[in-house]
Amino acid sequence: MPLLKRKPFPLADSPKDLENHELVYQVRFTKEVFRDYSEYLSRINLYRRRVWMCKFTGKSNLTYEEALVSEKCAAEKVQQFPKDLIVPALQIIQYSMLSLKDLADTIAVKLQEFLFVGTELYGRREDQIYPCKIVKVLENDAEELQYEVVWLDKNKKVTETALLNVEDLVQKKPPLSRRFLKSFIRESTYRSAPWVLHDKLAQNHGISTDLPQELRSKAFFRDGLLVCNKKRKTNDMETSNPGKCKRRDRANGSTAENGAKKAEGLDEDIKYPIDDLLVQPGADDPVFSERPSPSREFKVPMNCVGDLLMVWDVCSSFSRLLNLWPFSLDDFERAIYHKESNVPLLVEAHSAYFRLLLKDNGEYSSLVEGKKRKMKITLVNWTEYLCDFLEMIGNPKLCANTATIKRGHYGLLDTYVKLGILCELVNHSLESNIFREKLDEIIEQRQALGATRRGEALEEGRKRREEKERLKSEPMSNGHVNGHLTDPEKSEISKSDPGRRSKDSSKNRNGVVISTQNGLSPVKSEDDHPIAYLKKMAKKRNSDVTVSTSTNSPKKEAKDHRMEVLDKNTIKERREYYERELEKRSIKTNPLGKDRNHNRYWWFRRDGRIFVESSDSKEWGYYSSIEELDAFMGSLNCKGERERELGKHLEKSYRRICVELNKRSKDITNQIAAEEAVLRRSTRVRAPPRENPATAYLRYVNRWKED
Numbered sequence: 001m002p003l004l005k006r007k008p009f010p011l012a013d014s015p016k017d018l019e020n021h022e023l024v025y026q027v028r029f030t031k032e033v034f035r036d037y038s039e040y041l042s043r044i045n046l047y048r049r050r051v052w053m054c055k056f057t058g059k060s061n062l063t064y065e066e067a068l069v070s071e072k073c074a075a076e077k078v079q080q081f082p083k084d085l086i087v088p089a090l091q092i093i094q095y096s097m098l099s100l101k102d103l104a105d106t107i108a109v110k111l112q113e114f115l116f117v118g119t120e121l122y123g124r125r126e127d128q129i130y131p132c133k134i135v136k137v138l139e140n141d142a143e144e145l146q147y148e149v150v151w152l153d154k155n156k157k158v159t160e161t162a163l164l165n166v167e168d169l170v171q172k173k174p175p176l177s178r179r180f181l182k183s184f185i186r187e188s189t190y191r192s193a194p195w196v197l198h199d200k201l202a203q204n205h206g207i208s209t210d211l212p213q214e215l216r217s218k219a220f221f222r223d224g225l226l227v228c229n230k231k232r233k234t235n236d237m238e239t240s241n242p243g244k245c246k247r248r249d250r251a252n253g254s255t256a257e258n259g260a261k262k263a264e265g266l267d268e269d270i271k272y273p274i275d276d277l278l279v280q281p282g283a284d285d286p287v288f289s290e291r292p293s294p295s296r297e298f299k300v301p302m303n304c305v306g307d308l309l310m311v312w313d314v315c316s317s318f319s320r321l322l323n324l325w326p327f328s329l330d331d332f333e334r335a336i337y338h339k340e341s342n343v344p345l346l347v348e349a350h351s352a353y354f355r356l357l358l359k360d361n362g363e364y365s366s367l368v369e370g371k372k373r374k375m376k377i378t379l380v381n382w383t384e385y386l387c388d389f390l391e392m393i394g395n396p397k398l399c400a401n402t403a404t405i406k407r408g409h410y411g412l413l414d415t416y417v418k419l420g421i422l423c424e425l426v427n428h429s430l431e432s433n434i435f436r437e438k439l440d441e442i443i444e445q446r447q448a449l450g451a452t453r454r455g456e457a458l459e460e461g462r463k464r465r466e467e468k469e470r471l472k473s474e475p476m477s478n479g480h481v482n483g484h485l486t487d488p489e490k491s492e493i494s495k496s497d498p499g500r501r502s503k504d505s506s507k508n509r510n511g512v513v514i515s516t517q518n519g520l521s522p523v524k525s526e527d528d529h530p531i532a533y534l535k536k537m538a539k540k541r542n543s544d545v546t547v548s549t550s551t552n553s554p555k556k557e558a559k560d561h562r563m564e565v566l567d568k569n570t571i572k573e574r575r576e577y578y579e580r581e582l583e584k585r586s587i588k589t590n591p592l593g594k595d596r597n598h599n600r601y602w603w604f605r606r607d608g609r610i611f612v613e614s615s616d617s618k619e620w621g622y623y624s625s626i627e628e629l630d631a632f633m634g635s636l637n638c639k640g641e642r643e644r645e646l647g648k649h650l651e652k653s654y655r656r657i658c659v660e661l662n663k664r665s666k667d668i669t670n671q672i673a674a675e676e677a678v679l680r681r682s683t684r685v686r687a688p689p690r691e692n693p694a695t696a697y698l699r700y701v702n703r704w705k706e707d
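According to UniProt numbering, the residues represented by the sequence shown are 1 to 707, in order.
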C-alpha cells in the first residue's frame with residue numbers, strides 16, 4: 001500500500017445500500033466506489049499528485065498508480081531472495097533496533113559468510129583467482145564443508161568442475177545489494193525500531209516471536225501487534241514539568257489542526273489540466289462563447305470525405321514528384337461528383353500515378369509490358385491502364401466495375417468506387433521505391449534544416465551570454481560606479497542645475513514622504529527619477545564633449561543602432577525562413593488536436609478550412625470563416641488536457657489560418673460575382689461570356705505533364 005507523508009493511506013469505504021441499477025464512479029486501480037462525483041474527482045486528483053511513496057523501495061515523488069507498480073515490481077524481485085539465506089536474514093531482522101541502513105549493512109556482512117548453491121564468486125586455482133559458481137555443498141567425515149564448483153569463462157559458460165575448501169573461495173562483493181535488502185526488510189516487517197516480522201512469515205520459517213528481555217520493559221503486545229510503551233515516560237514528564245507538557249500539547253494541537261487543513265486542501269485543490277471529461281464548471285471560469293456548428297455541405301457522401309481529403313492531400317503534397325499540376329480541393333470534389341464524361345482532372349491524376357508505377361519497374365510495370373501496351377497514356381487509352389491496375393490488385397468490390405470502365409462510362413461509377421480506386425493507387429505508390437527514396441531525401445533535408453537551426457540558436461545564445469558578461473565586467477558606465485555617481489559628476493550636475501539644489505522640501509508620492517536633499521527633486525515620473533535624470537545629464541555632457549572632439553561619433557552610434565536592429569530582424573526572418581522550409585518539406589499532415597469529445601481537427605494549408613472529424617470518423621464538417629474560428633477558440637476550456645493542446649496549436653497557426661480563410665472568402669466572392677455577371681449579361685452584347693470558376697475542373701490542364 002503506497003504511503004502518504006510516510007504513513008499508510010486508508011482507502012474509502014464503499015457506499016452502503018447500493019442498488020444494482022445505480023450508477024457510481026469507480027477508481028480503476030483501487031476499486032473504490034463513490035456516489036458523489038466531487039468526492040470521486042477530489043480522490044482522483046489526490047492520486048495523480050506526486051506526493052506518494054513506495055512502501056518497499058522508499059521511492060518518493062510518485063503518483064499513487066506509479067507507487068503501486070513500484071511495489072508490485074519490488075515484491076516480485078524480493079521473491080527471488082535465495083532460500084538458504086532467508087532464515088539467517090530473518091533472525092537478524094527480528095526485534096532489531098538498528099536503522100534501516102545499518103540493518104541492511106549488517107545483513108550484507110553476515111550473509112557474506114554463508115555460501116549456498118548458486119553463489120557466483122572466485123576460487124583459487126594454481127595461485128590464480130578465477131570466477132566460479134557453487135553447484136553442490138559437501139560435508140566430509142571431519143565435518144568440514146567442501147564445495148563443488150564449476151569454472152566460468154568470460155561469457156559465464158561452464159568449462160570444468162572442481163572441489164574446493166572454504167579457504168580457497170573468495171567473495172569480492174556481497175551476494176545481495178543494499179537496495180535489495182532494504183526492500184526485503186520493508187516487505188518482511190510491519191513496524192520499525194524494533195523491526196518486527198509478520199507473524200505468518202515468522203511461523204513459516206521457525207523464527208521466535210518471544211520478546212527479548214531487554215525490550216520487555218519498553219514494549220508490549222496489543223491485539224497481536226507490538227506497541228512501544230511511551231505512556232510511562234509521558235506521565236513522568238507531566239509530573240516533573242507540567243508547564244512544558246501544556247506547551248507541547250498546545251503545539252501538538254495546532255500542528256494537528258494545520259495538518260487537517262492541509263489534508264482538506266489536498267483533497268479540494270485540483271491541478272489543471274485534467275482529462276476534459278472530468279472538468280466541471282467553476283466559479284473562476286471565463287465566459288465561454290457558444291461553439292459554432294460546423295458546416296456539412298459536401299458533394300460527396302459523408303463516409304467518403306476522409307478518403308477525399310487523404311487523396312487530395314497526397315496529390316498536393318507530392319505534386320512535383322507526380323508531375324501533377326496542383327488543383328484545389330473544391331475542384332477535386334466537383335470532379336469526383338461529376339457523372340457525365342471523363343473529367344480531365346481525374347484523367348491526369350490517374351495517369352500521374354500510372355506513370356510513377358511504370359517507372360518503378362514493379363508488378364504493375366511487368367503486367368503492362370506483358371500486354372504490350374503503348375507506354376504513352378492519353379485521354380483515349382487511360383482506362384486500359386486503369387483496368388490493368390484493377391486486375392493487379394484483385395479487389396472484388398472494385399473489379400466488379402471493370403466492365404463499366406471498359407465501356408467508357410467511368411463517370412457513372414459510384415463516388416465510393418472512384419475514391420476507392422484512387423486510395424489503392426496512392427497506397428501502391430507510397431510503397432514504390434521512387435516514393436521511398438523521395439521520403440528519405442525529405443527526411444534528410446528536414447534533419448539538416450533542424451541541425452542548422454539548432455546551431456544558430458546555440459550561437460545566438462552564446463553571443464547573448466558574452467554580451468551579458470561584457471556588460472557585467474564594465475565597472476563604470478556613464479559616470480556611474482555600481483549604480484552610484486562619481487564625485488566629479490555630482491559637482492557637474494550641481495553646477496549645471498542650481499534650481500534643483502535650492503529646493504529642499506519633502507513631498508508625498510504614493511503615501512511615502514520623499515526628501516529632496518542633496519539637490520534631488522521628488523520622483524514624479526520616469527523622467528524625474530533621480531538616477532534617470534543623472535544619466536540624462538551625464539549623457540548630455542558626454543555628447544557635448546564628443547561633438548567638440550569628433551563629428552564622426554554620432555554617425556558611428558547611428559550605424560551601430562541600425563546594425564543592432566538589422567540583427568534582430570535577421571534573426572526573426574531566419575526563424576520564419578526555417579519554419580517555411582520545414583513546412584514545405586512536410587511528409588504528412590497531422591491533426592491540430594482533439595476536443596473534449598475526442599473530435600479531431602484538421603487544417604490543410606492549401607485549402608484554408610478547418611475540418612472536424614468525429615471520434616468514430618463517420619461525421620465530417622468544417623469551419624470556413626474567421627468569425628467561426630474565433631468563436632470556436634473562445635469555446636475551448638484550457639482546464640482540459642486535449643482542448644488546451646488544441647488551443648495552443650490554433651494560436652500558433654492563427655495568423656496563417658486567417659490568411660488562407662481570407663483568401664478563400666475572396667475567391668468565393670469573386671466566383672459568385674462572376675456567376676451573377678453571366679446571368680445578367682444582355683443578349684445584345686456580343687462580347688464573349690466569362691468562364692465560370694465553378695467549372696474550372698473541366699478546363700484543367702496539367703502543366704507539369706511529362707511528354
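C-beta atoms are modelled at their ideal positions from N, C-alpha and C, and glycine is treated no differently.
This structure is a prediction, so every number in the text was calculated from the model and none was measured.
Own chain residues within Cβ distance below 7 Å of residue i, not counting five before or after
i           : result
Val305      : Phe298 and Trp620
Asn597      : Ser615
Ile107      : Ala89, Ile92 and Leu181
Trp312      : Leu329 and Phe332
Pro663      : Checking the sequence shown, residue 663 turns out to be Lys, not Pro. Result list for Lys663: Gly608, in chain order.
residue 710 : Because the chain here runs from 1 to 707, residue 710 falls outside it and cannot be looked at.
Val545      : With a pLDDT of only 39 at Val545, under the threshold of 50, the placement of this residue in the model should not be trusted; the figure read from the coordinates follows. For Val545, where only same-chain residues beyond five positions count, there are no Cβ hits under 7 Å.
Val166      : Leu145
Ser96       : Leu103, Pro194 and Trp195
Sequence-distant residues of its chain with Cβ nearer than 8 Å to residue i (five each side left out)
i      : result
Phe435 : Phe318, Leu321, Leu356 and Ser429
Lys7   : none
Glu460 : Ile571
Enclosing beta strand (DSSP E) for residue i [first to last residue]
i      : result
Ala162 : Val158 to Asn165
Phe611 : Ile610 to Glu613
Leu121 : Glu120 to Arg125
Ile134 : Gln128 to Glu139
Val227 : Leu225 to Cys228
Val109 : Note, Val109: premise wrong, no beta strand (DSSP E); alpha helix (DSSP H) at Leu100 to Leu111.
Anticipated Cβ contact below 8 Å, residue i with residue j, distance rounded
i      : j      : result
Thr32  : Gln26  : Going by the sequence as given, residue 32 is Glu instead of Thr. Contact flag correct, Cβ pair sits at about 7 Å.
Ser183 : Lys77  : 7 Å
Leu592 : Leu650 : 6 Å
Pro2   : Glu71  : 7 Å
Pro281 : Val612 : With 8 Å as the limit, Pro281 and Val612 do not qualify as a contact, their Cβ atoms being about 24 Å apart.
Endpoints, the alpha helix (DSSP H) within which residue i is located
i      : result
Glu391 : Trp382 to Ile393
Lys648 : Glu641 to Lys652
Gln447 : Asn433 to Ser473
Val311 : Val305 to Ser317
Pro344 : Pro344 to Lys359
Ala403 : Thr402 to Lys406
Arg186 : Arg178 to Ser188
Gln91  : Lys83 to Ile93
C-beta contact flag for residue i and residue j at 9 Å
i      : j      : result
Tyr147 : Val137 : yes
Glu641 : Asp284 : no
Ile185 : Leu277 : no
Leu419 : Thr402 : no
Lys639 : Val279 : yes
Pro301 : Thr415 : yes
Gly408 : Thr383 : yes
Leu41  : Ile270 : yes
Arg454 : Leu582 : no
Cβ neighbours of residue i in the same chain (closer than 6 Å, five flanking residues each side left out)
i      : result
Glu369 : none
Ser432 : Asp360
Asp17  : none
Phe9   : none
(message) Quick test of the definition: if touching needs 3 or more C-beta pairs under 8 Å, does the segment 150-170 touch the segment 75-92?
(response) The segment 150-170 is not in contact with the segment 75-92.
(message) Any contact between the segment 344-356 and the segment 377-385? By contact I mean 3 or more CB pairs, one from each, below 8 Å.
(response) yes
(request) Report yes or no: do the segment 328-340 and the segment 693-705 share at least 3 C-beta pairs separated by less than 8 Å? (result) yes
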